[in-house]
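In short: position in the sequence shown from 1, add 707, done, that's my numbering. The beta carbon of each residue, even a glycine, is placed where N, CA and C say it ideally should be. The structure displayed is predicted, hence computed values, not measured ones.
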Amino acid sequence: MTRLTILEYPDPRLRTVAQPVAVVDDALRATIDDLFETMYAAKGIGLAATQANVHRRLMVIDISEEHNQPMVFVNPEVFERECVGVMQEGCLSVPGYYDDVERAQKIRVRALGRDGQPFELEAEGLLAVCIQHEIDHLNGRLFVDYLSELKRTRVRKKLEKERRQNTPHTDADGPHAPPI
Ligand code: ZN
């Protein structure tokens, strides 16, 4: 398994719209393993292929603390949404920044699994938010796009400054969910 580099905002490659996966084969499964390796190493609970500069409709999620509930979504599609609510989000591509985003808190999603077989899933709360956040990545969209332009500019400047000075990203104060 290979640990991949996670693209960070405002890298323009994060704006790429991912292409559908035609076949779930061993090569794709190797990419899936790399995504899990990368996500766990970064202490995230979700990672879309887009974030690792792989522009195919593929994402991995594991919201368990023990890292024992890996979930794979190939060509994911949400087909039911309800119960709109607000939850704080963070993102591995926007390190150290967290903010509230409004999304459906209950969804139904269909996708192909690691074995290439289609499945449907009803998800609520953190998992529902995570799935929608990752699908946004596959569409070239980031959670900061839901914020005001002022906030977005502030985040971009902070990240650019940290990169320029080569300082580690500083986390926002207070408790927050792991980034996705
Ligand atoms: Zn993200």
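Between which two residues does the beta strand (DSSP E) containing residue i stretch?
i, result
"residue 805", "801–819"
"residue 755", "753–755"
"residue 788", "778–798"
"residue 768", "765–768"
Count the other CB atoms within 10 Å of the CB of residue i; is the residue buried (16 or more) or exposed (fewer)?
i, result
"residue 886", "buried"
"residue 819", "buried"
"residue 791", "exposed"
"residue 765", "buried"
"residue 874", "exposed"
"residue 852", "exposed"
"residue 708", "exposed"
"residue 738", "buried"
"residue 888", "Residue 888 cannot be examined here, being either before or after the span of the chain that is shown, 708 to 887."
"residue 748", "exposed"
"residue 800", "buried"
"residue 844", "buried"
"residue 727", "exposed"
"residue 802", "buried"
With respect to the alpha helix (DSSP H) encompassing residue i, which residues constitute its N-terminal and C-terminal limits?
i, result
"residue 867", "856–871"
"residue 736", "733–748"
"residue 834", "832–845"
Just to confirm, are residue i and residue j a CB contact at a threshold of 9 Å?
i, j, result
"residue 729", "residue 846", "no"
"residue 839", "residue 810", "yes"
"residue 829", "residue 813", "yes"
"residue 778", "residue 761", "no"
"residue 763", "residue 741", "no"
"residue 781", "residue 854", "no"
"residue 816", "residue 831", "no"
"residue 735", "residue 758", "no"
"residue 866", "residue 804", "yes"
"residue 743", "residue 798", "no"
"residue 842", "residue 784", "yes"
"residue 713", "residue 833", "no"
"residue 769", "residue 746", "yes"
"residue 717", "residue 863", "yes"
"residue 731", "residue 821", "yes"
For residue i, verify whether its CB is less than 8 Å away from any heavy atom of the ligand SAM.
i, result
"residue 777", "Ligands displayed in this structure: the ligand ZN; the ligand SAM is not among them."
Chain D beta carbons: is any one of them nearer than 9 Å to that of residue i?
i, result
"residue 810", "Structure shown: chain D not included; a single protein chain is present."
### Task
May I have all residues whose beta carbon comes closer than 6 Å to any heavy atom of the ligand ZN, sorted in chain order?
798, 799, 800, 840, 844 and 887
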